[in-house]
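Residue numbers (this note's numbering): 29 to 350. Glycine included, C-beta positions come from ideal geometry on N, C-alpha and C. Values in this document were obtained by computation on a predicted structure and should not be read as measured data. Below: one structure, written as structure tokens.
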Amino acid sequence: MFLSVIIPVYNVEPYLHRCIDSVIAQDMSDEIELLLVDDGSKDASGAICDEYASKYSWIHAFHIPNGGVGNARNYGIEHVQGEYFTFIDSDDFIDPGFYKEVLRLHRQTPSDVYLFGYKDYPLNSSDGHRLKQCRCDDTESLAQLYLDMKKNYLMFSVINKIFNSIENRKHRFLTNIHYFEDCLFALDCLGKAKSVGVIEQAPYNYVHHPGEHLGGKYTAPEVVVEVARELKRRSDLLPQSDELTQYTILEYYNNMLHAVDSSRGIKQRLQYIRILLREIETFGFKTEFKKYLGRRKILMQFSSPVGVLMMCLLRNLILKFR
């Protein structure tokens, strides 16, 4: 069997049929299995999983107590039977026939990891985020690929990658964090990859829902620091690690600051800001940090009082970098 598709499922009754049907539309049941991991859904999602599993022998439904998407993905990895595995979020969907194309390329020249693009649905239904088709199997080409992935927003997620099971089924998602658990897992796999096959298509449809944002989940500051250090350790294993490491950690902090700004008071926001500045100073990020500030990606996230104070703190830090 070529591919195991893992779909963590939680309260997605309105979208789940479309997601599962998109996998059925790959029309390769002899080379694929679908693992539906119901993460303690309270709606009819679990029943929908069972319905499909009863109709198709290659679709398997599992029901576990609610533990979050990382835990559900880990459960799926433990049951993988395919030579490769990949993930789909249960409200997203994949274009018909794509996995057949991956299998065709694999039979020509196998790779440890396959990378493909995605579309923001329904925001851009044509081009999406993608890279030119290629195969990278040496340090120089992999280094350039990872920089291109960073620029095209293809580095941090697992939904646009297919992983070799033998090399990567030992990796697990952290279950005590709510953001960037994808990135840590992807870095684990990319750090061990000797070859990456890039497929130019953007078959993955990443569904945006009205009013969605990062707020609502809180990660303790000490966990933020722990994750940042794990990001650094894993990014350092990649070619061109200096630039990638700096960018990855700054992007992580930006996401965390945005999340806490959406859901917490000024005191907690300032606590996160101080952690950000202290850790950036500890890591010694100078050049990339100044570029990041130049784009004003962090400052734009904050309402006026916090933004003003953060500007003052950032100015002090920049003086240290000179």
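For the set V224, T137, D176, the Cα lying nearest the Cα of D166 is the one of V224. Between S193 and F113, the C-beta spacing is below 8 Å.
Looking from the CA of P93, the closest CA among Q136, D67, R200 belongs to D67. Note on geometry: alpha-carbon atoms of M183 and L259 lie some 12 Å from one another. When DSSP states are grouped into helix, strand and coil, H45 belongs to the helix group. Collapsing the DSSP output to three states places I227 in coil.
A residue is called buried once 16 or more other Cβ atoms fall within 10 Å of its Cβ, and Q54 is buried on that count.
G104 sits close to L63, with the two beta carbons spaced by under 8 Å. Non-local C-beta neighbours of F201 in its own chain, meaning closer than 7 Å and more than five positions away in sequence, comprise G98, R101, N102, E209, F213, ordered along the chain. H157 is classed as buried because its beta carbon has at least 16 other beta carbons within 10 Å across all chains shown.
Here the alpha carbon of H91 sits roughly 20 Å from the alpha carbon of V51.
Measuring C-alpha to C-alpha distances from P238 to each of R163, D148, L266 identifies D148 as the nearest. If you look at E168, you'll find it isn't in any beta strand (DSSP E); it sits in the alpha helix (DSSP H) that goes 167-179. Excluding residues up to 5 positions away in sequence, G156, H157, R158, A230 lie with their Cβ nearer than 6 Å to the Cβ of G145 in the same chain. Spanning the alpha carbons of T203 and A89 requires a straight line of approximately 21 Å. For A72 and E254, the gap between their C-alpha atoms comes out near 37 Å.
Per DSSP, V130 is not a residue of any beta strand (DSSP E); the alpha helix (DSSP H) it occupies stretches across 126-136. DSSP, reduced to helix, strand and coil, places N188 outside both helices and strands of the structure shown, so it counts as coil. Excluding five sequence positions before and after R163, the CB atoms of its chain that fall closer than 8 Å to its own CB belong to T137, S139, S223, V224, G225, V226, given in chain order. With fewer than 16 other Cβ atoms inside 10 Å of its own Cβ, R306 counts as exposed.
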